[in-house]
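First the structure, in the form of structure tokens, and then the observations on it.
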Amino acid sequence: MEKTFEPQSIEQQCYEKWEAAGYFKPTGHGDPYCILLPPPNVTGSLHMGHGFQQTIMDALTRYHRMKGDNTLWQVGTDHAGIATQMVVERRLNAEGKTRHDLGREAFIDKIWEWKEESGGTITRQMRRLGTSTDWDREVFTMDDNLSKAVTEVFVRLHDEGLIYRGKRLVNWDPVLHTAVSDLEVLNEEEAGHMWHMRYPLADGSGELVVATTRPETMLGDTAVAVHPDDERYQAFIGKDIRLPITGRLIPIIADDYVDPEFGTGCVKITPAHDFNDYDMGKRHSLPMINLFTDDAKINNEAPEAYRGLDRFDARKQIVADLDAEGLLVKVVDHKLKVPRGDRTGAVIEPYLTDQWYVAVESLAKPAVEAVESGEIRFIPENWNKTYYQWMNNIQDWCISRQLWWGHRIPAWYDNEGNVFVGRDEAEVRSRYKLEEAVELKQDNDVLDTWFSSALWPFATMGWPEETPELDTFVPSSVLVTGFDIIFFWVARMIMMTKKFTGKIPFKDIYITGLIRDENGDKMSKSKGNVLDPIDLIDGIDLESLVSKRTSGMMQPQLAKKIEKNTRKQFADGINAYGTDALRFTFAAMASTSRDINFDMSRVEGYRNFCNKIWNASRFVLMNTETEDTGRDGGELVLSLADQWIWAQFQKTLKEFESALADYRFDIAAQTVYEFTWNQFCDWYLELTKPVLNSDASTDAEKRGTRHTLINVLEQLLRLLHPLMPFITDTIWQRVAPLSDAGVKEGETSIMIQSFPEVKAERENDKVLADIEWLKRFIIGIRNIRGEMDISPNKPLNAILRNVSEQDQERLDLAAPFIDKLAKLESITTLKAGEQAPASATALVGEMEILIPMAGLIDKDAELARIAKAMGKAEQDVARANGKLSNEKFVNSAPEAVIAKERSKLEEAETALAKLKEQHATISAL
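The sequence shown begins at 1 in full-length UniProt numbering and counts up one residue at a time.
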């Protein structure tokens, strides 16, 4: 093996070998295990959320493949209607053209061209992450077979009366000229105003003052509402208002929805331009007056003076006109949630249009029952409540979008406006007995992207055809996704899969947290705090870093931190963190928290973990490659340390699999990290040296230790593989031929080997306890050396007090290890009542280890050194206390910064307490 671990030299060739060999395909044997990849947008590139979730999915996939399951990770991408159309339209705009210049068919051809040219970015990046999806089964939501499924579902639901066309209020993007889903609307607080306006009573007996944040919609008011119990307005209920500017008469109504404490307690009702007003309008049978055109300009329903004005220009004019008529009472500053399109940034308009809908009430009932019965379970379980809340208050689903890119709605219209639904025009004419002379035009709208995504669990398996995959992999085993699309995607997949297959789509739904930056802020390009997973894998060159910083894509503070890490890496001879370090970071962070703060220093820490594995493996190979490891027979005598590492590995294996079964990837990662770094690399490798390097060891003892070294490492690599695929396969190729695995280098891959199994005969609680005692003994000696500043190579004389029978037994068992690792010249045991010289002490249970200090340290010099260190620690405590007692700092600094200061204070206080203890110990000598 090379002296240093260089991920870039191994990752690509590993992946190409795996994919070419067909290792990602289901085997056809074992219990079915299936994961569905949440389809990323074809426009997209790999971001931290993708990297996080795909690491989890790949870890599960690799684990179950190794467990012998018939494992499929179904991969595919989404056509992303709005996002993709916008990308191609911008390219056309740059040429001075619009989609209308090309026409629908030619524009769609352009999109397909773009998709072939650059639509595979994210799948190429997924390969860099090591995702072991079955690429031969890769699908695209606009593929012919998936499009066939979409049409089939639409027609069947329409035939049952569950899809209908109606005029209702939708989220309307006036720039894109289409309805959009709630998920595509960003509601963020902005500074605005509240206008208070006089609405005179029609009989001239008085007036009501209404308050609104959108005065331009007053032109479409069809009522004023008050709370029925509001004593201020009891006498007004049932009277009419003469609406300013228009002169229309509108009623004063009473409705429980009105909040008497908000504004004046009088609310203008514009059913065609507000979702709450729309519901109230239906309750009171109010007229619905649509004021706007598709691009949010005032239409012909308004007085002539305002027609053609942009809605915000109309606002200014209306306010001015009200003021001129003495009807404007006041304007006050007001914070409000403003809905903006996530693609365009335009203010979304509640808009009354004809759209296609799915009546979901009958579909929702079995979907709710599937979770209530436990047939489907959410992990963590608390997400059940969110699911029930949405599903029990579900509204009909608007599925049409005014776009060209997407699945075109399979509906045709004749010249009289009659609508006919069918799988194609030929079927429509046949079903409805329409002659060729009847002119038909297909609906221009396409289906909401979430409609095709809702069919993902069964459409990807070949439905509506009866395929083996449909029978084998539906339901799938687990869905890994974010909490933000539980309703938009998860719930709809459950509804549709139950409806069309009679099965649930998946058994488990693992809801992940949202990856935020280290300060807890959401990652966004506008904030400049976005990290690119590929940059973390490959390393980012300083020129690219400067470019990102100067362009505003990256905060100066974040850029400075990355630059510091980058320069440090280059100084250490490292030019990349590598995929394995990033994947392990993601796994270690995968807790049950809703928000997960990504600290880049953790990637650096797990890069060091990769180095640790690499160097430990080199040590093992140096001691086994040209030696007898017992693979071909021969007596094996296992030392206490050999027995212990096997027992410790069984314990680790159990804990790892238990954590994975509970989707606690953080616990699984910590478990295997602790075993690898602390038990195997630090302790066990040291404990092998007294056996391997001693002339007193027999051939059988040395063979037993070499056998243990190579085989524990081989099984450990298999244990680590689901989380760290590249480094484990690379090392395994060298280790496996020397182990009981008995394969030739390059002949196969670790990823298709079996996962390690717990061996009951290897479990040994007594040995675990014996080695823990030995570790405490050695640590006790080392702590004394550290505290007293004694060289680690200086032989010491140890005196033991309160030695029990069990302690003595363990001393006899562990004598070779104690002599070597504790560097002791002698060990003596005090008899009852015998006095010990002035000594530093350590405890192992009730047994005391005493190290006489005479001649070992310069007491005065040591006290002076400790006093100096205490002074610095006291300064650190005072500095941290000063910051945390500063109200201005505590009130203005981010919570993450304050938490760091608290951590610094705690560390300084701990260090000071330890120094004081050392000072007291040495003073007493």
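Even for Gly, the Cβ is constructed at its ideal location relative to N, Cα and C.
The structure presented is a predicted model; accordingly, all values stated were derived computationally and were not measured.
Burial state of residue i, where buried means 16 or more other Cβ atoms lie within 10 Å
| i | result |
| --- | --- |
| N693 | exposed |
| D136 | exposed |
| G406 | buried |
| W463 | buried |
| H177 | exposed |
| G573 | Confidence in G573 is poor, its pLDDT being 47 and thus under 50, which makes the residue's placement unreliable; the coordinate value appears in the next sentence. Exposed, since its Cβ has fewer than 16 Cβ neighbours within 10 Å. |
| residue 932 | The chain is shown from 1 up to 925; residue 932 falls before or after that span and cannot be answered. |
| residue 928 | Outside the displayed range of the chain (1 to 925) lies residue 928, so it cannot be described from this structure. |
| G539 | buried |
| K651 | buried |
| A571 | Residue placement at A571 is poorly supported in this model, since its pLDDT is 48, which falls under 50; the coordinates are not used for a value here. |
| G630 | buried |
| R718 | buried |
Beta bridge counterpart(s) of residue i as assigned by DSSP
| i | result |
| --- | --- |
| H196 | A211, K330 |
| Y351 | V170 |
| F755 | The partner list for F755 (beta bridge, DSSP) is empty, contrary to what the question assumes. |
| L824 | L796 |
| D310 | K297 |
| S400 | L447 |
| Q442 | W412 |
| D274 | DSSP output for D274 lists no bridge partner at all. |
| W405 | Note: W405 sits in no beta bridge, so no partner. |
| T178 | D173 |
| L536 | Paired residues: none, contrary to the question. |
| F420 | W412 |
| K335 | A191 |
| M847 | V844 |
When the options are compared against residue i, the one with the closest alpha-carbon
| i | options | result |
| --- | --- | --- |
| V150 | F889, M194, W456, A798 | W456 |
| A911 | S923, K868, P339, F312 | K868 |
| M600 | H227, L514, Y388, L536 | L536 |
| H158 | R377, M48, W356, H64 | W356 |
| R283 | D294, F292, D295, I269 | I269 |
| K522 | R594, I509, P40, I534 | R594 |
| A861 | I790, F726, N891 | I790 |
| S826 | A832, L811, G833, E834 | L811 |
| G845 | L201, R801, G374, E906 | R801 |
| W773 | W73, V712, A814 | A814 |
| D274 | K330, V319, R307, W172 | W172 |
| V897 | D203, L129, D517 | D517 |
| G238 | P271, L201, D443, K97 | L201 |
| I289 | L169, E375, D229 | L169 |
Residue i vs residue j beta-carbon contact at 8 Å
| i | j | result |
| --- | --- | --- |
| I252 | I379 | no |
| residue 933 | P852 | No information on residue 933 is available, as it lies outside the stretch 1 to 925 that the chain covers here. |
| E763 | A647 | yes |
| F140 | H79 | yes |
| F458 | P32 | no |
| L796 | I781 | yes |
| A314 | I298 | yes |
| T579 | R602 | no |
| P244 | L186 | no |
| R513 | I394 | The question names Arg, but residue 513 in the sequence shown is Gly. No. |
| I515 | L479 | no |
| A411 | F420 | yes |
Proximity test, Cβ basis, 8 Å: residue i and chain D
| i | result |
| --- | --- |
| V637 | Chain labels in this structure do not include chain D; a single protein chain is all it has. |
Distance cut-off 7 Å: residue i Cβ against heavy atoms of the ligand NAP
| i | result |
| --- | --- |
| E439 | Among the components modelled here there is no ligand, and therefore nothing to report on the ligand NAP. |
(message) I want to know whether the segment 604-623 touches the segment 730-746 - three or more CB-CB distances under 8 Å.
(response) yes
(message) I'd like to know if the segment 74-89 and the segment 101-118 are in contact, where contact means that at least 3 CB-CB pairs between them fall below 8 Å.
(response) yes
(message) Can you confirm whether the segment 624-641 touches the segment 17-28 when touching is taken to mean that 3 or more C-beta pairs between the two stretches lie within less than 8 Å?
(response) no
(request) Taking 8 Å as the threshold, find out whether the segment 451-469 comes into contact with the segment 488-501 through three or more Cβ pairs. (result) yes
(request) Taking 8 Å as the threshold, find out whether the segment 380-388 comes into contact with the segment 65-81 through three or more Cβ pairs. (result) no
(message) Does the contact criterion of 3 or more C-beta pairs under 8 Å hold for the segment 87-102 versus the segment 161-174?
(response) no
(request) Specify whether the segment 365-383 and the segment 219-238 touch according to this definition: at least 3 beta carbon pairs, one from each stretch, less than 8 Å apart. (result) no
(message) Under 8 Å: do the segment 194-212 and the segment 290-306 share three or more Cβ pairs, one atom per stretch?
(response) no
(message) Within 8 Å, do at least three Cβ pairs link the segment 867-884 to the segment 821-840?
(response) no
(request) May I ask you to verify whether the segment 693-704 touches the segment 638-645, counting CB pairs closer than 8 Å and requiring at least 3? (result) yes
(message) Is it the case that the segment 344-351 contacts the segment 275-292, given that we only count it when at least three CB pairs across the two stretches are under 8 Å?
(response) yes
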